[in-house]
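The next block holds one structure in the form of structure tokens; read it before the comments.
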Amino acid sequence: MTDEQPPAWAARLRSERARRLWSQKDMAIHLRDAADGHTRARLPSVESIQRYVRDYETGRHHPRDRYAQLYCRVFGLSYGVLFDGRELGTHRVTASRLPTRRDAADLTAWMTSTNIGNEGIAYLARTVASLSEAHSGTPPRVMLADVIDTHQRVQGLLRSGRQRLKQTRELMRLDAVLIAHAGLLLGDLNRDASARAYGRAAVLCARESETNEAVAWSALAKTARWEGKFRDSADLARRGFECSDPSSVRILLACQEANGAALSGDRIRATEALARAEVAAESVGGSGREVSAWSCPRPRQALFALSVATSFHEPEAALRAAMTAHEGWAAGDRRVATTWAQIQIGVAIAHVQQGAVDGAVEGVTPMLSLAPELRMATVTRHLANLDRRLQGRRFRRNADAIDLRARIREFGDVAMSNRDDEEGG
Numbered sequence: 003m004t005d006e007q008p009p010a011w012a013a014r015l016r017s018e019r020a021r022r023l024w025s026q027k028d029m030a031i032h033l034r035d036a037a038d039g040h041t042r043a044r045l046p047s048v049e050s051i052q053r054y055v056r057d058y059e060t061g062r063h064h065p066r067d068r069y070a071q072l073y074c075r076v077f078g079l080s081y082g083v084l085f086d087g088r089e090l091g092t093h094r095v096t097a098s099r100l101p102t103r104r105d106a107a108d109l110t111a112w113m114t115s116t117n118i119g120n121e122g123i124a125y126l127a128r129t130v131a132s133l134s135e136a137h138s139g140t141p142p143r144v145m146l147a148d149v150i151d152t153h154q155r156v157q158g159l160l161r162s163g164r165q166r167l168k169q170t171r172e173l174m175r176l177d178a179v180l181i182a183h184a185g186l187l188l189g190d191l192n193r194d195a196s197a198r199a200y201g202r203a204a205v206l207c208a209r210e211s212e213t214n215e216a217v218a219w220s221a222l223a224k225t226a227r228w229e230g231k232f233r234d235s236a237d238l239a240r241r242g243f244e245c246s247d248p249s250s251v252r253i254l255l256a257c258q259e260a261n262g263a264a265l266s267g268d269r270i271r272a273t274e275a276l277a278r279a280e281v282a283a284e285s286v287g288g289s290g291r292e293v294s295a296w297s298c299p300r301p302r303q304a305l306f307a308l309s310v311a312t313s314f315h316e317p318e319a320a321l322r323a324a325m326t327a328h329e330g331w332a333a334g335d336r337r338v339a340t341t342w343a344q345i346q347i348g349v350a351i352a353h354v355q356q357g358a359v360d361g362a363v364e365g366v367t368p369m370l371s372l373a374p375e376l377r378m379a380t381v382t383r384h385l386a387n388l389d390r391r392l393q394g395r396r397f398r399r400n401a402d403a404i405d406l407r408a409r410i411r412e413f414g415d416v417a418m419s420n421r422d423d424e425e426g427g
């Protein structure tokens, strides 16, 4: 058929692929990924499938049953529409045209068509969990690239074909976590407006998938805190707490509410929220020691308690909270570099509140050597808080305070050179 027009079904295969802006190699990959694990193991290489795609689109060969079914899954179309040229809704039941077994088979194929197998979704779920677990030990810019890459893969599946309803819901659930994670990381990169937009998108995605919205509210609460909207931050965290499952994110949300309440001057609410965090930690048990983007093990809990204490000018309570964190690390809790750095800054602030600049210098000096790629906005903003306190009248002629402020500026300059500090659109 080299000198003739390809048959209509071949032209449809090509047009459906082109409409999605896929190359023939992309098409081959999608066909392979649409197969279940057993079938995929029996398929040839992507290069061989790509040659099949080329032959199908020229009409040289007609797809056999296996590949025809995979095409239907990828495009979300029935066999009759894709290969027989039927248009949906064009056939009426008449005496001469009664429904046939092929019609029922087409309906079944359409209902079960999918561009991803359950194994593929399970793999994506493991990837999302792995990204969350790697969060605390990976520079935010590197982590953001990985999160966005996975998000785009999920979006590609959602937009380029169809899945069974259960699979679509699961893909959207995974994407809600990825979008919230991206919002968290954008905040670490000082991109608060973008972080807020991603947080809102995560809430919407979670609602559409009818799954838990807790991590999305946590991301929004963090953004509001750094935008200076402290009461809003507490309210957002409380919304997440109310809908959260008994998991480590529940501890985190209670701590975030306490922090927002303390920064807005609400001592009673902050105290009650910290108590809820303790209760949540007891209910979670050993899993509360896990470290991820959404976890709140003992050292991180202590960091929030420290922040609440310094907000109410209670340096002794702040130093006790810091000691709790160090005891947790000594007992085997994983030491996250950025949490440790913020604890040391909090210790320095507590000493400044006591008027002991030498204690502040001793507390904060170790973290000033933090690796440049870990000098995220969350850390530099806490340091800026310490710097503001060192500007107090009683420290203006203190040589140690002057020297420490210079070292804080140097720390910030290195952080600035390691990331774009301009807010994106």
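One point on numbering: in this note's numbering, the residue at position 193 of the sequence shown is 195, and numbering is uninterrupted.
Note that beta-carbon positions come from the ideal geometry of N, C-alpha and C, so glycine has one too.
Nothing here was measured: the structure is a model prediction, and the numbers come from that model.
> DSSP three-state call for residue 333: helix, strand or coil?
Replying inline: coil
>> With the cut-off set at 8 Å, would you say residue 59 and residue 16 are in Cβ contact?
In response: yes
> If residue 194 and residue 229 are in contact, beta carbons under 8 Å, what's the gap, nearest whole angstrom?
Replying inline: 5 Å
> So, helix, strand or coil for residue 368, using DSSP?
Replying inline: helix
>> Rounded to whole angstroms, what is the Cα-Cα separation between residue 120 and residue 126?
In response: 10 Å
>> How far does the alpha helix (DSSP H) with residue 395 in it extend, from its first residue to its last?
In response: No alpha helix (DSSP H) holds residue 395; DSSP gives it neither H nor E.
>> Just to confirm my understanding: we take residue 89, look at its own chain, exclude 5 residues before and 5 after, and list those with CB closer than 6 Å. What are they?
In response: The pLDDT assigned to residue 89 is 49, lower than 50, so where the model puts this residue is not dependable; a value taken from the coordinates is nonetheless given after this. Same-chain partners within the cutoff: there are none.
> Closest by CA to residue 265, which one among 303, 83, 231 and 185?
Replying inline: 231
> When we look at the beta-carbon of residue 168 and count the other beta-carbons within 10 Å, is it buried (16 or more) or exposed?
Replying inline: exposed
>> Contact defined as beta carbons within less than 8 Å: I believe residue 197 pairs with residue 225. What is the distance between those atoms, to the nearest angstrom?
In response: 4 Å
>> Taking its Cβ as the centre, do 16 or more other Cβ atoms sit within 10 Å of residue 172, making it buried, or is it exposed?
In response: buried
> What is the residue span of the alpha helix (DSSP H) that residue 314 lies within?
Replying inline: From DSSP, residue 314 is part of no alpha helix (DSSP H); its letter is neither H nor E.
> Around the C-beta of residue 314, are 16 or more other C-beta atoms found within 10 angstroms, so that it is buried, or is it exposed?
Replying inline: exposed
> Which value, in whole angstroms, describes the spacing of the CA atoms of residue 316 and residue 118?
Replying inline: 55 Å
> CA-CA distance, residue 170 and residue 341?
Replying inline: 36 Å
>> Please report the straight-line C-alpha distance between residue 144 and residue 164, rounded to a whole angstrom.
In response: 31 Å
> If we ignore side chains and look at the alpha-carbon of each, how far apart do residue 416 and residue 30 end up?
Replying inline: 46 Å
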